[in-house]
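A short worksheet on the structure shown next.
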Amino acid sequence: NAGVTQTPKFQVLKTGQSMTLQCAQDMNHEYMSWYRQDPGMGLRLIHYSVGAGITDQGEVPNGYNVSRSTTEDFPLRLLSAAPSQTSVYFCASNAGVITEAFFGQGTRLTVV
Amino acid sequence: EDQVTQSPEALRLQEGESSSLNCSYTVSGLRGLFWYRQDPGKGPEFLFTLYSAGEEKEKERLKATLTKKESFLHITAPKPEDSATYLCAVQAGRSNFGNEKLTFGTGTRLTIIP
């Protein structure tokens, strides 16, 4: 089982560029989430989804968009990259409420 | 506002030297407390879920316990391969979905010296 797969692993963007971080899971999980991890801040929830066609905002949603057209995929779009979005991004999936999250390997994004 | 505080920030132990990591929390309506292990350059890996005060869970050299205000991750006779950052997260509040109420601590970076 691949679990949760994120691409790319590393990315450098210029301020104002847009891009999409890809996330796919093969566990048939309904719940998927995007987090960012910054030094001294812990993991913070950006957006989440409880099933295909259903998404909602987390703690730090500004500057990011998501959609969920299939159970397997949950891409995160940066609309106009800013240096404040330099971070490590993790995608996660859960089988249900109050269950453990399975995380991808992360995407290290640098915005210059 | 839900808060999760982990201590210490970093801990260096000799191989075989047992110790405990602390996760204290202030939340309204705890639904679950999670422990994860994170290796450098990797995503967090699930270790334990605790649901109510008094609950304990064990896995190899690790044992997690829960009270109404804090959780401890006890590590017994650690080995160098136990070196990692250990993250605590709490899920609280009443919601249909649950994910939006998951709050992570900043972690304890554990180093085991051979």
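Chains A and B supply the protein sequences, listed in that same order.
Going by the working numbering, 1 is the number at position 1 of the first sequence; the sequence numbering is gapless.
Going by the working numbering, 1012 is the number at position 12 of the second sequence; the sequence numbering is gapless.
Just so it is clear, CB atoms sit at the ideal spot from N, CA and C, and this is done for glycine as well.
For H47 of chain A, the uninterrupted beta strand (DSSP E) segment begins and ends at 42-51. Here L1033 of chain B is buried: its Cβ has 16 or more other Cβ atoms, across all protein chains shown, within 10 Å.
Taking C-beta atoms under 8 angstroms as the contact rule, E1009 of chain B and P1114 of chain B fail to qualify, at a distance of about 22 angstroms. For Y1051 of chain B, there is no enclosing beta strand (DSSP E), as DSSP marks it with neither H nor E. Between F90 of chain A and G1043 of chain B, the gap from beta carbon to beta carbon is short of 7 angstroms. Checking the DSSP bridge columns, you'll see V1027 of chain B has no partner listed. With a threshold of 16 other beta carbon atoms within 10 Å, R68 of chain A meets it and is buried. One Cα belongs to E1060 of chain B, the other to A101 of chain A, and the distance between them is close to 21 angstroms. In the structure shown, the three-state DSSP call for E1009 of chain B is coil.
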